[in-house]
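In my numbering, the protein residues as written are 3 to 444.
Listed below in structure tokens is the structure:
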């Protein structure tokens, strides 16, 4: 028999969970700190890495890591919706739907690949649904199979699963990362705090060229405008220099950050109340263009961090948890890359940002591109997952700014700050709205 006192003690202990302490209100989660879960198709569950026979991730990945990378992308999509697969027979099979990855194993010839094998595609009569279909994308292909060739009638993406549906099935697993042992979505206290703090706002800027006098002047104007009501956080994405990476860029970047610190210190309210998050861009000093990208080196940022203590130099991509909201931030010129590498460019009247966002969310991955176009550390591919779908997905791209919603996920691109007339985006977590802002003419 379980006595009442024991039950009361258990309830009391659960209600005083460490997950509801003040330190869980706001957290920056680097790509290398994201917890890894491996989907077990037999148990239909995600298991922590420690409960599997997978080794700890390493930057110097093995051949197994590369194979597992695509296999896990496939499995995550496959567990959403079971479909028919091709059978290895020589007669004609009609009306087949197959889930697989588009590959080009021979020049000019596309194949569909899954863990069981490959099949050549005939795309001459294929109808493409909305989205940007590139190599390394997983697609639902409908058609008929004859003479070892799959004749495609229609291409579509796997359905995107809303975050609420995912969590209803998997419970309070913390896929997102951070200090909380369970998903912050289940915290009533954090939800209440989020709704009460209606003044909370996040300011997103991209291509913050700190070596340009005009950019620094616009930042000064922005800080002056926000000084009476400091935002919760400024998220500044690279590139932090207008010039390509060269031998003098490290010292120039240190000097530019010093100038930025001087400007921030001119506004004590912002200096003492707002947090500053720096996400490196593809041309900032670092270890090449392989993702996830580590933060700017401490030798560059040390002086700035001493002068602006509420600053975080994080990875690209990174994750931000504010109360119960989950935000993913990624700095990459991805729209142009995906358009250039399309198997067939979309002909529908839907705007490119809508095609782009649908592709990212349906793939459950930030870079559904071949590795020679967008290289990834094989063992850290899980850090680029967009599963479960976050509340806010920020893809900082030099493409024109946009805001769109897809499957309960708000997706924004602040655009290139100097190239777009000094435009940026402001996100209000309390009501999940985005405000377009611009400093042109000031």
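Cβ atoms here follow ideal geometry from the backbone N, Cα and C, with glycine treated the same way.
Partner residues in the beta bridge of residue 239, as assigned by DSSP, are 281. Where residue 357 is concerned, the enclosing alpha helix (DSSP H) starts and stops at 354-365. Residue environment: residue 283 is assigned as buried (16 or more neighbouring CB atoms within 10 Å of its CB, all protein chains considered). Residues of the same chain with a CB within less than 6 Å of the CB of residue 364, apart from the 5 flanking positions on each side, are 159, 160 and 162 in chain order.
Nearest neighbour of residue 139 by Cα position, chosen from 239, 376, 48 and 407, turns out to be 376.
Residue pairing from DSSP leaves residue 380 without any beta-bridge partner.
The beta carbon of residue 176 is closer than 8 Å to those of 37, 182, 183, 184, 185 and 186 in its chain, skipping five residues each way along the sequence.
Counting only runs of 4 or more residues that sit fully inside the stretch 155-192, the alpha helix (DSSP H) segments are 165-172, in chain order. Cβ neighbours of residue 337 within its own chain (closer than 7 Å, five residues either side excluded): 354, 358, 399 and 401. Distances from the CA of residue 200 to each of 438, 439, 429 and 440 were compared; the closest alpha carbon is that of 429. Around the CB of residue 150, fewer than 16 other CB atoms lie within 10 Å, so the residue is classed as exposed.
Within its own chain, the residues whose Cβ lies closer than 6 Å to the Cβ of residue 115, once the five positions on either side in sequence are excluded, are 102, 103 and 105, listed in chain order. Around the beta carbon of residue 347, fewer than 16 other beta carbons sit within 10 angstroms, so the residue counts as exposed. Residue pairing by DSSP places residue 50 opposite 39 in a beta bridge. Excluding the 5 residues flanking it on each side, residue 107 has same chain C-beta neighbours closer than 6 Å at 113, in chain order. Residue pairing by DSSP places residue 143 opposite 100 and 157 in a beta bridge.
133 is the residue among 156, 265 and 133 whose C-alpha sits nearest the C-alpha of residue 351.
Annotation for residue 437: no alpha helix (DSSP H) segment contains it, though the beta strand (DSSP E) segment containing it runs 435-440. Fewer than three Cβ pairs drawn from the stretch 58-67 and the stretch 401-415 lie within less than 8 Å of each other, which leaves the two stretches out of contact. Between the alpha carbons of residue 297 and residue 128 lies a distance of about 43 Å. Under DSSP, residue 329 forms a beta bridge with 322 and 394. Comparing alpha-carbon positions, the option among 202, 285 and 145 lying closest to residue 243 turns out to be 285. With a cutoff of 8 Å on beta-carbon distance, residue 238 and residue 306 are scored as not near each other.
Here residue 308 carries a helix assignment [DSSP, helix/strand/coil].
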